[in-house]
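Residue numbers (the numbering used here): 30 to 460. Where is the CB? At the ideal position from N, CA and C, for every residue including glycine. Notes to accompany the following structure.
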Amino acid sequence: MKVLLTNGHVWQENGFAKLDILIEDGTIKALGENLTEPYAEAVDCKEAYILPAWLDMHVHVGEKVCGLDLADDWQSLSLLANRCGIAGIGAFITERQPTDKNKKPLAEQYNLASRTAEEQFRHAVHWHLTPTVSGVKDVYPLLEQGCDLKFYTTYRPHGLYRSYAEIAEWMQELKDLKPRLLVHCEDDELVDSMTGFNPFHHPFDHARRRPEMAEILAVERILDLAIQHSYPVHIVHVSSPQSALLIDEARRSVPVTCETAPHYLLLNETMLQREDGHRWLCTPPLRSEKSRGELTELLQDGLFDAIATDHCPFTKADKDRHKSTPEQVPTGIAGVGATFPLLYETLVKTGRLPLEKLVPLLTSQPARLMNLYPAFGSISAGSKASLIILQQEPLKNPQPILSSLRDTYNPWQDCCSTTNYYFFEAPYGKQ
Ligand SMILES: [Zn+2]
30 MKVLLTNGHV WQENGFAKLD ILIEDGTIKA LGENLTEPYA EAVDCKEAYI LPAWLDMHVH
90 VGEKVCGLDL ADDWQSLSLL ANRCGIAGIG AFITERQPTD KNKKPLAEQY NLASRTAEEQ
150 FRHAVHWHLT PTVSGVKDVY PLLEQGCDLK FYTTYRPHGL YRSYAEIAEW MQELKDLKPR
210 LLVHCEDDEL VDSMTGFNPF HHPFDHARRR PEMAEILAVE RILDLAIQHS YPVHIVHVSS
270 PQSALLIDEA RRSVPVTCET APHYLLLNET MLQREDGHRW LCTPPLRSEK SRGELTELLQ
330 DGLFDAIATD HCPFTKADKD RHKSTPEQVP TGIAGVGATF PLLYETLVKT GRLPLEKLVP
390 LLTSQPARLM NLYPAFGSIS AGSKASLIIL QQEPLKNPQP ILSSLRDTYN PWQDCCSTTN
450 YYFFEAPYGK Q
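In structure tokens:
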């Protein structure tokens, strides 16, 4: 089956070019001016922007988090991806604790999760592994297959905590393969002492118990290790401008990368002061308006490699169950479907970020970080024809911004968008 997309402004790495795209069996065959192909179905894109479909490298799905099943499973995520134009995600597998009655070796957990994802999610998946008891030798075959690692410098009660010394040992033992290491950075010692000073009476206490300084301290320590071991580290969900500046400084000596999430760019800690503040509990917590503003400026300056959502949706019932004892409220918010219309509406249309700067953060850069480039995140011969068609003419009626299709609170409930786009996936099959 051949399709010819004509009259579009096509994304080419750093900008747009007026090109036609010839697609055959779901793959881009050729790009050029005034292409003709006798048996192709022609689609007139009418001056629309044509972009690679989105990639979100930080999505929790099909896992238990805080002991609870997440609101999204692979099937609901697949529907959401189709609707919002997501071509691939980075998902997580955390090795179950030895005390868990469903404990399986990490490799078995991986086989099961990747099989489920293949059957129920029609899009690309890159896996981030968190071994909790397995050692380097046990995980090595999975790392050789292209998975990477995710470690936490906090969450001792959940059995996820790794000391800086342990992280250094892993870097040392993996010095030949050097799979990327994702790190959730919050210094556990500081979190512990702040937690001691600030009892959790109200959702806003979360911000005091896990201050920016905890992230900054851990980022500093991890960057030191990355430089010492010349190791590729990726810092997840950066919420503090100071952390972003430290990472940028370290880039001079080591290939360190980082992501931030839309909620740190667009929301601040006043959400936690609301009556229903528990709904916005996530870790790291939302920050001050000053930090939020600075983080957005650093995004404009190009300090981030990717925007990823840290999609971690709980059902409304699970989020509400312990709202009077916020310490027991599961932390995490939904986000995966919202990113593009939200950022286009709030940053691009307001002139704060050119579309040319937003696109790589959601396409080519996360694709590279997940080893999916150039099959994904690129519009070039040989790439998958998973495309976004963005019309220049906005929608007449603003639409709500969806973060999940499941019964979960939407952190963007107050936002609407007139962003007029759809997901174009070329049909497979011979004509
Ligand atoms: Zn996460």
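Rounded C-alpha distance that separates residue i from residue j
i           : j           : result
residue 160 : residue 168 : 8 Å
residue 321 : residue 298 : 9 Å
residue 334 : residue 282 : 16 Å
residue 207 : residue 66  : 45 Å
residue 74  : residue 277 : 39 Å
residue 455 : residue 152 : 14 Å
residue 290 : residue 68  : 44 Å
residue 459 : residue 396 : Note that residue 459 scores 41 on pLDDT, short of 50, meaning its location in the model is unreliable and no value can be drawn from it.
residue 210 : residue 99  : 24 Å
residue 251 : residue 85  : 23 Å
residue 373 : residue 448 : 7 Å
residue 257 : residue 70  : 55 Å
residue 301 : residue 194 : 34 Å
residue 30  : residue 72  : 13 Å
residue 331 : residue 367 : 21 Å
residue 128 : residue 176 : 25 Å
residue 97  : residue 347 : 8 Å
residue 62  : residue 48  : 5 Å
residue 303 : residue 237 : 16 Å
residue 365 : residue 450 : 16 Å
residue 93  : residue 230 : 26 Å
Rounded distance between the beta-carbons of residue j and residue i, thought under 8 Å
i           : j           : result
residue 121 : residue 89  : 6 Å
residue 440 : residue 296 : 7 Å
residue 57  : residue 279 : Wrong, their Cβ atoms sit about 36 Å apart, outside the cutoff.
residue 150 : residue 106 : 6 Å
residue 306 : residue 233 : 6 Å
residue 254 : residue 336 : Going by Cβ atoms, the distance from residue 254 to residue 336 rounds to 25 Å, so no, they are not a contact pair.
residue 242 : residue 219 : 6 Å
residue 216 : residue 246 : 4 Å
residue 408 : residue 453 : Rounded, the Cβ-Cβ distance is 11 Å, inconsistent with contact.
residue 60  : residue 39  : 7 Å
residue 214 : residue 244 : 5 Å
residue 124 : residue 138 : 7 Å
residue 446 : residue 371 : 7 Å
Any non-hydrogen atom of ligand 1 closer than 7 Å to residue i Cβ
i           : result
residue 187 : no
residue 95  : no
residue 339 : yes
residue 89  : yes
Secondary structure of residue i, DSSP reduced to three states
i           : result
residue 78  : strand
residue 415 : strand
residue 265 : coil
residue 251 : helix
residue 320 : helix
residue 451 : strand
residue 87  : coil
residue 306 : helix
residue 164 : coil
residue 428 : strand
residue 325 : helix
residue 279 : helix
residue 333 : coil
residue 369 : helix
residue 216 : coil
residue 70  : strand
residue 180 : strand
residue 260 : coil
residue 382 : coil
residue 358 : coil
Within-8 Å CB hit, residue i to chain C
i           : result
residue 426 : Checking the listed chains, one finds no chain C in this structure; it contains a single protein chain.
Do three or more CB pairs link the stretch 372-381 to the stretch 339-350 at distances below 8 Å?
No: the two stretches stay apart, fewer than three of their Cβ pairs being nearer than 8 Å.
Counting pairs of Cβ atoms below 8 Å between the stretch 129-148 and the stretch 382-399, do you hit three or more? Using a Cβ-Cβ distance cut-off of 8 Å, the stretch 129-148 and the stretch 382-399 are not in contact, since fewer than three pairs of beta carbons, one from each stretch, lie closer than that value.
Exercise. Is there contact here, the stretch 357-365 with the stretch 311-320, by at least three beta-carbon pairs under 8 Å?
Worked result: With a cut-off of 8 Å, the stretch 311-320 and the stretch 357-365 count as touching, because enough Cβ pairs lie within range.
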